[in-house]
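Asker: Protein chains in written order, with my numbering: chain A, 1 to 255; chain B, 256 to 688; chain C, 689 to 1030; chain D, 1031 to 1312.
Even for Gly, the Cβ is constructed at its ideal location relative to N, Cα and C.
As the structure is a computational prediction, the values presented were derived from the model and not from experiment.
Input: one structure, supplied below.
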Amino acid sequence: MVAVEKKSKPRVGFFGMTSCKGCYFQFLLLGKKLIDIFDSLEIEHFWMLKEDNELGEFDIAIMDGAVSNKDNAEFVRKVREKSRYLIAYGTCACFGGIPALRNDVSGFHEKVYGKPIKLKPLQNVDPLDMHVKVDYHMVGCPVNEQELLNVLRDLLLGKRPGEPDYPVCVDCKKAGIRCLFKDGIPCMGPVTIGGCGAPCPASRSPCDGCRGKLPDANWGSEYDLMLEHGLTKDHIIQKFAKYARIAKPGRVKGK
Amino acid sequence: MSRKTYSLDELTKVEGHAKLHVELDGKTVKRAELSVFEPSRYFEALVIGKSYQEVPSISQRICGICSVVHTVTSIKAIENAMGVKISKQTADLRRLLLCSSTIHSHTAHLFFFAAPDYLGFDDVIELARKKREYLDLAIELQRLSSGIVKTIGGRSLHPVTPCVGGFHSVPKKADISNMIRDFERIKDLSVKAAKMFMSFRPPKLENRTEYLGLAGKGEYPLYDGEISALASDGFRPEDYMKNIEEEVIFRSSAKYTKFRGKPYMVGALSRLNNNHEYMSSTAKGLLKRSGLHVPCYSPFMNNFAQSLELVHFSDVALDLLRRYEENGMKEERIDIKPRKGEGFAACEAPRGILIHHYRFDSNGKAAFANIITPTCQNVRNMEYDMQKLIPAIVNKPDSKVKRILEMLIRAYDPCFSCSTHFLDLDIRKLKKH
Amino acid sequence: MGGPISSKYYLISKKDLQRLLDSLSKKMPLFAPVKHGKDFNFKRLESGDKLDIAGYTNTEYPPRGMFLPEGEAVLEYNKGKFSENFFKGKAAVFGIRPCDVHALLVLDRVMLGHDHFESHYKRRRENTLVFPLVCGTPGENCFCDSMLTRNLVESFDLLFTDIGHHYHVEPGSKAGLEIIAANKGLFQESVHKAAIVEVPCKKKLDTANLPGILAKARASGVWDEVAKQCVSCASCTFSCPTCYCFSLVHDSGIADPEHVKVIRELDYCMLLRYSRVAGGLVFREPRKERVQQFFYHKLAYGPENEGRFHCVGCGRCITECMAHIDITDVIGRIRDEHDKRK
Amino acid sequence: MSMINGNEESYRPALAAVTSVLQENARIRTLGITFRLDAERKSFSFNPGQFVMITLPGIGEAPFSMCSSPKEKGHFELSIRNLGNVTDGMFRLRKGDVVGVRGPYGHGYPVQEMKGRDIVLVAGGIGFPPLASVVEHVIANRADYGKVWVLYGVKDYDDVIYRQRMKRWSKAKDLEVRMALETPCSKWKGCVGVVTKLFNKLKIDAGNTVGLSCGPPIMLKFVTLGFEKLGIRDGDIFISLERLMQCGIGKCGHCNIGNKYVCTDGPVFRYTDIKNMAEEVW
Ligand SMILES: Cc1cc2nc3c(=O)[nH]c(=O)nc-3n(C[C@H](O)[C@H](O)[C@H](O)COP(=O)(O)OP(=O)(O)OC[C@H]3O[C@@H](n4cnc5c(N)ncnc54)[C@H](O)[C@@H]3O)c2cc1C
Ligand code: SF4
Ligand code: SF4
Ligand code: SF4
């Protein structure tokens, strides 16, 4: 049951696959707390920050990005084999994210490169769950760096961190933000996994759903609300399928 | 003479982002190829069929570190297509956003990736242990600049307030005075940073190439302007297709570009070469003090140019903010009626010119998109630089060659997805023939 | 605190009220409704002249947070020792509405009643002066008339009524009388009880035999309809002045994970995690059961356990619900169904 | 019965040390726990069926029922099933390690009211600990109670806990221990099936018998029906319920079932008090 054995310094690796790498950039926002992380963990692999990166054994592997080709698939399997605890880091890793939008569009090469060219057929963009067992889903596009800190802290304590299973509205209320629906702005908060602190509603921008589908979401009611607030059916579907087209198989169940 | 091949492809085993292949015949470089292996994400196709309101938030995810400029450029192109005229305040706020995000991006690159090389450390983690005061400076600059991006953009990356027609919300009066305070602090720290980078002695390389950058009326532009070239005529963003050729390279998943058939450079050094006379007086003073001759043809000096930009953009931001200090900003946004149209926009991303180009149908759904990122434009030039650089360093030990090549690539501050430890590889020397 | 303790009433001019609040704000944190954007909320008032309650009906969020904060570090563990951290000093709140004071009376019965009292709530409650402001015109969604919470006879220190250019002041506690005595120059005596024209509430909730009706309405289809609308955002529970449920959360930093603060964090029955037990089982997983918990707790279990409805008719949950669920309407439908069955 | 810290400090636990660790089966362990301070050792006492809150700093707090004899002062035992964070943390404890303890809380089994009566105790899985405490109490006060049946239902042979205790209890006068295994096993010659199967052979004086039970919700439901079938009055049936708990003192609301609080109204309930509750109990 123990996630990570308590010992002097757990070995941590940061890895990346198909994504915008924003979640790593978010890591730098930890500011002074970065120093705490450097002090309490042994960072063995971090392509963005480190000169020497070896694929040894890890207590905690933090994997950013989705699986979008054979190399990715092979790589994540290798990392999983070498790690005791695997964190899917960011919406791309958890749900496929924006890159997974390509699964729905055909004729990609033509659209991008102008003329049909011969390349290997494209594989779907998959969340990590579809390839390996994931121990923690850290959702967010980008992730909330505070959540990373808390998860690492829990693991240091020998505790299994719990994934958030409440809507963004809860963050919104905690921050004392006036609900956007009251001002006629349709918001994805009620159907989106919370834990971000609702930065978007805080700046009067509707939640876009970047943390993916809440297991407990009431899609029917949200659909009605969006319609009521002036979105077209087509647009609502685009919104619902934006970041988390793929339901996450590994998450806690709910209704 | 002996033939030699450097094949730097370790990274494929790790991430599959990029690899470098160099073939030498004696001192002549036969091939110098840089191939990007970051899996293609096909953004230009992803946005097709999407509502114009969804396009900026999809496009911004091309890159996590320059998401702000992707957002702004995307919105600008959409507005252009829909015939929207934004207010002066909106334009100013976008400029501010670009100033702060450029500072944020530059400090990350300069301190976390570039500087350790010059200071003789492996990486920032080693540096953090041995020279904490240095990390404190980096962290403080990151904190302040990302905080400002958050104040204006709602989040520090993938900003959410900018939208077609304006902003969902604008900074409050108190935010404005806080930002002034923060930018003043940023400026002080930036002067320190610029002096530090001034003192570094990068490898010698002089490679006359073409330098493209936005140029406006008497300013050092970020948000608008035409595209100018140092040694030839410039062009308007909507004419980019006539002037910039995009090529599909089979060995790479990135599209590479040429300017009228030749490699060229974009980014801080290009901006400096094109517009240095419009820098703020403090930045100009530092430039003078450095003794750097502009135009400068050493790609390694791109880092120093970035550090000067930290100072310059703080000054620009302070100037902009002070105009709103007294009366604050108005909540305003233009209502959009979607229409059929085509739009272009070019902005200066931290790493150089960024072009977004869309076509929309009458319902406001995207029908076509083309995006040219700075790194795609620079790759050709990196190869060109290596042609020039390698013969001069070929006699050095392999580890040294590796380090210098890495530093060269890193000097360009390539975008994260194909970036920093790009060449974190060992060199395999093939048998001599 | 208790019932009426003086037969005397007082008047204070609006300017003098600012003076009074100003002197109080120098002595202790003083909370009052403060406008931000379109809403009022209880915020710390730095000085009396900052008071601006034109257009104030009630606050967006309830005054609960001054007595039961959203998150409060109640316990600390450091270097092998536990210590309990209490709120120290005094505080005061001006402008709280009578319905919300009734809500405090509900919280009192829960937090101070049964076999144990909650020591942190107790201290905050005892050390906070309460200066309610009587309501003339109710808001769109208020139904205090129905819940009998418009009038206040207990649990205040000074009760204020706006009678035009003056406030009428009724002392309700020894502390209240002391404040008047200490600020004699600001108050005029008056023998009259305050009289204002009360505009009746637009919304109604018929409470007759309500617990009994609810006991029989468990299987009603109305709950399915409500659950279909409800998005489980927990806005209703966040905004309700009588919602008090909480969790105890251990929090520590990564640098010293064993220096722990235990945070008493309000928790909400609308959320799945609220009733999740070890093994992953959620006792109230269906949305319908969570919706029922809210309504039953307010209107059935409350009267059964504490002899009071846990709804004071403030209408906040109606205002806050983006899915347009209206407690008066839901109960109306339940009652209709019940009456038809008869 | 008195409480550590009483009312004045609602949440501050007393420090107590682990004095013994006994592995009952693969997932259940019994820990002996003794208060650090003399005063606390003197003042702590409990009724069978009551529980304490155990704190592991940084990890969390969770309720556990005492399984030892209430006669021992300042010392008690808990049987823990490793299920989640706190319980897992408790599995890492060694002799001498320190934990936080608050309590005891709640209403236990009515040992006073039970005097002179016969008792049927039905335990399922990890529901055994509070009933074990009742048995220890009865044995310590043997003369006060009538005949006692301890019925224990468990899934697999390897899951059986309290093997030594059950052996010891069997030697007591008028006390019978019977066990039912859900899965047949070559090492087990006794009853195979759910625990209610043991009811078939039970000959009791229903009017003078109280039925006590603790276990998973589904088992409680059938045991209660079984008790009724045996003729035990609803008012003589006592069951112990489990819900998520945060405070243990009737404030946090998590353990609500209908208008009842499991922590203060229970965890042991008289069946008549919860039979017609608005919310499903099982
Ligand atoms: C009165 C009473 C007496 C008790 N007596 C005993 C006893 O004597 N012996 C005994 O062993 N037990 C007893 N229990 C049960 C015991 O309290 C629980 O087993 C204990 O609380 C488990 O806590 P934990 O921290 O180990 O588990 P937790 O870590 O809290 O949770 C365990 C499981 O819950 C799920 N979970 C919890 N939170 C989340 C979340 N946020 N997201 C997703 N999943 C989640 C997970 O599946 C996890 O595996 C008693 C309970 C009560 C109420
Ligand atoms: S603004 Fe959005 S996230 Fe916040 S409460 Fe309203 S619907 Fe929920
Ligand atoms: S509010 Fe929504 S879009 Fe914004 S960060 Fe949170 S989940 Fe993402
Ligand atoms: S239930 Fe609704 S109306 Fe009643 S007190 Fe709570 S928030 Fe106010």
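Whole angstroms are fine: how far does the CA of E814/C sit from the CA of G753/C?
Answerer: 15 Å
Asker: Across the region 149-156 of chain A and the region 91-104 of chain A, are there enough close Cβ pairs to call them in contact, namely three or more that are closer than 8 Å?
Answerer: No, because fewer than three Cβ pairs between the region 149-156 of chain A and the region 91-104 of chain A fall closer than 8 Å, the two stretches do not touch.
Asker: Cβ of V134/A versus every heavy atom of ligand 1: is any distance shorter than 8 Å?
Answerer: no
Asker: Who pairs with R732/C in a beta bridge, going by DSSP?
Answerer: The partner list for R732/C (beta bridge, DSSP) reads F719/C.
Asker: What would DSSP say about K50/A, mapped onto helix, strand or coil?
Answerer: Of the three classes helix, strand and coil, the one that applies to K50/A here is coil, per DSSP.
Asker: Determine, using beta carbons only, whether H1167/D comes closer than 9 Å to chain C.
Answerer: no
Asker: Which class does V1225/D belong to by DSSP, given the choice of helix, strand or coil?
Answerer: helix
Asker: Need the endpoints of the alpha helix (DSSP H) that H325/B sits in, please.
Answerer: S322 to M337
Asker: When you compare the CB positions of L718/C and A779/C, do they come within less than 9 Å of one another, or not?
Answerer: yes
Asker: Quick check: is the beta carbon of R387/B nearer than 9 Å to any beta carbon in chain A?
Answerer: yes
Asker: Between the C-alpha atoms of F770/C and R1132/D, what's the straight-line distance to the nearest angstrom?
Answerer: 12 Å
Asker: Applying the criterion that 16 or more other CB atoms from any shown protein chain within 10 Å of the CB defines a buried residue, is S1243/D buried or exposed?
Answerer: buried
Asker: Keeping to the same chain, check which residues put their C-beta closer than 8 Å to that of V446/B; ignore five residues upstream and five downstream.
Answerer: T537, L541 and V566, listed in sequence order.
Asker: Return the first residue and the last residue of the alpha helix (DSSP H) that T1117/D is part of.
Answerer: Looking at the DSSP string, the run of the alpha helix (DSSP H) that includes T1117/D is N1115 to F1121.
Asker: At a threshold of 8 Å, does R211/A count as lining ligand 3 (C-beta to nearest heavy atom)?
Answerer: yes
Asker: What number of angstroms, rounded off, separates the C-alpha of A336/B from the C-alpha of K472/B?
Answerer: 24 Å
Asker: Classify T1254/D: buried if its beta carbon has 16 or more other beta carbons within 10 angstroms, exposed otherwise.
Answerer: Counting Cβ neighbours within 10 Å, T1254/D comes out buried, since at least 16 surround it.
Asker: So, is G319/B buried or exposed, given that buried needs 16 or more other C-beta atoms within 10 angstroms?
Answerer: G319/B counts as buried, since at least 16 other C-beta atoms from the protein chains shown sit within 10 angstroms of its C-beta.
Asker: Is there a C-beta anywhere in chain D that falls below 9 Å from the one on L158/A?
Answerer: A small fix is needed here, since residue 158/A is Gly in this sequence, not Leu. Closer than 9 Å to some Cβ of chain D, the Cβ of G158/A qualifies, so yes.
Asker: Tell me which residues share the same chain as T1085/D and place their Cβ nearer than 6 Å to its Cβ, disregarding the 5 neighbours each side in the sequence.
Answerer: P1043, E1091 and G1130
Asker: Mind checking N650/B: buried by the 16 CB within 10 Å criterion, or exposed?
Answerer: Label assigned to N650/B: exposed.
Asker: At 4 residues or longer, and completely inside the region 756-810 of chain C: list those alpha helix (DSSP H) runs for me, N to C.
Answerer: 786-799
Asker: Give a yes or no on whether 9 Å exceeds the smallest Cβ distance from G607/B to chain A.
Answerer: no
Asker: Thinking C-beta only, is L353/B closer than 9 Å to E586/B?
Answerer: No. Outside cutoff.
Asker: K213/A and A175/A - do their beta-carbons sit closer together than 9 Å?
Answerer: no
Asker: Counting only Cβ-Cβ distances shorter than 8 Å, please list the residues of the region 1268-1279 of chain D near chain C, keeping chain order.
Answerer: For the region 1268-1279 of chain D, residues whose beta-carbon sits nearer than 8 Å to a beta-carbon of chain C comprise E1272, R1273, L1274, Q1276, C1277 and I1279.
Asker: May I have the straight-line CA-CA distance separating K1103/D from S1075/D, to the nearest angstrom?
Answerer: Rounded to the nearest whole angstrom, the C-alpha separation of K1103/D and S1075/D is 6 Å.
Asker: Could one say the Cβ of A346/B lies closer than 9 Å to chain A's Cβ atoms, at least one of them?
Answerer: So no, A346/B is outside the interface.
Asker: Compare the C-beta of L936/C with all C-beta atoms of chain D and state if any pair is closer than 9 Å.
Answerer: yes
Asker: Going by the CB atoms, is the gap between N633/B and V549/B shorter than 9 Å?
Answerer: no
Asker: Using a threshold of 8 Å, is the CB atom of R436/B nearer than that to any non-hydrogen atom of ligand 3?
Answerer: no
Asker: DSSP three-state call for K285/B: helix, strand or coil?
Answerer: strand
Asker: Considering only the beta carbon of each residue, do V1168/D and L1228/D sit closer than 9 Å?
Answerer: no
Asker: To the nearest angstrom, report how far apart G691/B and R204/A are at their CA atoms.
Answerer: The structure shown does not extend to residue 691/B, since chain B spans only 256 to 688, so no value can be given for it.
Asker: Which residue's Cα is closest to the Cα of M130/A: D183/A, V76/A and C179/A?
Answerer: V76/A
Asker: Following a CB-centred definition, is I193/A positioned closer than 8 Å to any heavy atom of ligand 3?
Answerer: The nearest non-hydrogen atom of ligand 3 is less than 8 Å from the C-beta of I193/A.
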